[in-house]
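Visitor: Anchor point for the sequence shown: position 4 equals 73 in my numbering, and the numbering is continuous, going up by one each time.
We put the beta carbon where it would ideally sit given N, CA and C, even for glycine.
My questions will all concern the structure given below.
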Amino acid sequence: MKGHRPTITVLCGSTRFKAEFEDANRFLTYAGNIVLAPGVFGHADGIDLTDDRKARLDELHLRKIDLADEVLVINPGGYIGESTRAEIAYAEKAGKRVSYVDYTVQGQQQ
């Protein structure tokens, strides 16, 4: 890998899908990608975020998209919420390749 920069992939999707994010992160890391992902899973972990904190986390995630070569949308059951739609639009406008993965980690509830 010396001299070659790995692909930087940012994961987007609802934070209710924490197990799927972890699975995708592990898979892409094993494949040699640099993975950027949410650091807080408010929905999955039952964290009640203030409006200010959510706005700051949303802005931080847009900066992760800026750094990335590509975006992978985690969307079990085809679910894409309002925040994720905005992130996809932002990424597409920036010319990022956007891909989708629609699966659920076995044994996890949605």
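1. What are the boundary residues of the alpha helix (DSSP H) that R125 is part of?
2. Return the CA-CA distance between L60 and I143, expressed in angstroms with no decimal places.
3. Of the choices Y159, E161 and K87, whose alpha-carbon is the least far from that of I116?
4. Consult DSSP for S83 and reduce its assignment to one of helix, strand or coil.
5. With a threshold of 7 Å on Cβ separation, who are the neighbours of K190 within its own chain once the five nearest residues in sequence on each side are excluded?
Guide: In terms of the structure at hand:
1. Taking the first residue of the sequence shown as 1, we reach residue 125 at position 56. Element bounds for R125: D120 to L136.
2. Past the edges of the chain, shown from 70 to 179, lies residue 60, and the structure says nothing about it.
3. Position 47 of the sequence shown, counted from the start, is the residue given in the question as residue 116. Minimum Cα distance to I116 is reached at K87.
4. As a first step, residue 83 must be located in the sequence shown, where it is residue number 14. Assigned with DSSP and collapsed to three states, S83 falls in coil, not helix or strand.
5. This structure cannot settle anything about residue 190, because the visible part of the chain is limited to 70 through 179.
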